[in-house]
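All remarks here apply to the structure that follows.
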Amino acid sequence: MLIDSHAHLEMPPFDRDRGQVVRRAKEAGVEIIVTVGTTVEDCRKALELTRRYPGVYAAIGIHPHEAKEIRDGTYDSIREMARHEKVVAYGEIGLDFFRNLSPRATQIRRFGEQLELASELDLPIVIHDREAHSETVDLLKGWKGSRRGIIHCFSGDYAMAKQCIGLGFYISIPGTVTFEKNEKLRSIVRDLPLESLLVETDCPYLTPNPFRGRRNEPAYVVHTARKVAEIKGKPFEEVAAVTTANAKRIFDIP
Ligand code: NI
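Residue numbers (the working numbering): 73 to 326.
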């Protein structure tokens, strides 16, 4: 069994065949999928999916790309949704200084506010960090909350990974670990303990090999886990068991 710790099943690329996508995941052994809302509207859709599919859980929060859209009432909507029993995390939140779809100062302010809200709701957090490694680590260090969570789609270096693990975070490995040119991520995976790793798709994005170029979906997290097993020289079953236990622990899924 595997857990896809980060998917976006509520997004339009899955509108046509969402049921089949969830079924294919199950057939591939991916029995639990955490789908991550990025706007209030998408968080509502994500919750709707948790009602429809037993193996689907939700993370809710406002993505750094959408930070500029946060209004009066946005956080109240999130508070209300967080009462749902299948909400297992707050996120994804963080900083994206690569695409800069919201102004950097706004991203930083909204990230800080959402860290506080995650504390209030007592949820682990899911962090999005793109080209903002030192700023992200500084904000996490300064956060007085529980510091439980996941660095999703990890793209920092080994030193940053160690620092984040020391702060109480898991490191989530996406399908890009299968890309020919990504020796950097493979060397980080090699050096980190399996007890600190999760696997994810971030679908519909970041499709692993051998399907790169196609739409990604949760079933393909198998290829990421296989690559992690190959890198670490461990049986696939062990990687599946340990990353599943890690994900269940952080999301508090029985
Ligand atoms: Ni994502």
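Using N, Cα and C, we set each Cβ at its ideal position, and we do this for glycine too.
Model, not experiment: these values are computed from the prediction.
Beta-carbon gap between residue i and residue j smaller than 7 Å
| i | j | result |
| --- | --- | --- |
| R287 | P85 | yes |
| A319 | R96 | no |
| V311 | A301 | yes |
| T178 | A139 | yes |
| G305 | P280 | no |
| S191 | G217 | yes |
| W215 | L187 | yes |
| T110 | A130 | no |
| I303 | Y242 | no |
| E267 | V93 | no |
| D201 | L257 | no |
Anticipated Cβ contact below 8 Å, residue i with residue j, distance rounded
| i | j | result |
| --- | --- | --- |
| E82 | L121 | 6 Å |
| L239 | L269 | Between L269 and L239 the Cβ distance is about 16 Å, and since that is not below 8 Å, they are no contact. |
| I199 | I237 | With 8 Å as the limit, I199 and I237 do not qualify as a contact, their Cβ atoms being about 13 Å apart. |
| I132 | I150 | 6 Å |
| R171 | H135 | So it is not a contact: roughly 11 Å between Cβ atoms. |
| R298 | F283 | In fact, because the Cβ distance is near 13 Å, the residues do not count as touching under 8 Å. |
| E203 | F169 | 4 Å |
| T316 | I245 | The pair is not a contact, with the Cβ atoms about 14 Å apart (cut-off 8 Å). |
| I105 | I325 | About 11 Å; that fails the 8 Å criterion. |
For residue i, the residue or residues it bridges with in DSSP
| i | result |
| --- | --- |
| A130 | T107, V159 |
| V198 | G163, I222 |
| V377 | This structure cannot speak to residue 377, because the chain is shown only from 73 to 326. |
| Y242 | I222 |
| A291 | Paired residues: none, contrary to the question. |
| R284 | R286 |
| V300 | In the DSSP output, where bridge partners are listed per residue, V300 has none listed. |
| A79 | T107, C275 |
| V102 | L74 |
| D168 | R202 |
| L270 | S244 |
Given 8 Å, three or more beta-carbon pairs between the region 74 to 86 and the region 269 to 280: Judged by pairs of C-beta atoms under 8 Å, the region 74 to 86 touches the region 269 to 280, as three or more such pairs exist.
contact_flag[the region 142 to 155, the region 204 to 219] where n(CB pairs < 8 Å) is 3 or more: Put simply, the region 142 to 155 does not touch the region 204 to 219. Fewer than three CB pairs are less than 8 Å apart.
Touching by the beta-carbon criterion (3+ pairs, under 8 Å), the region 180 to 198 and the region 226 to 236: Below 8 Å, too few C-beta pairs join the region 180 to 198 and the region 226 to 236 to call them touching: fewer than three.
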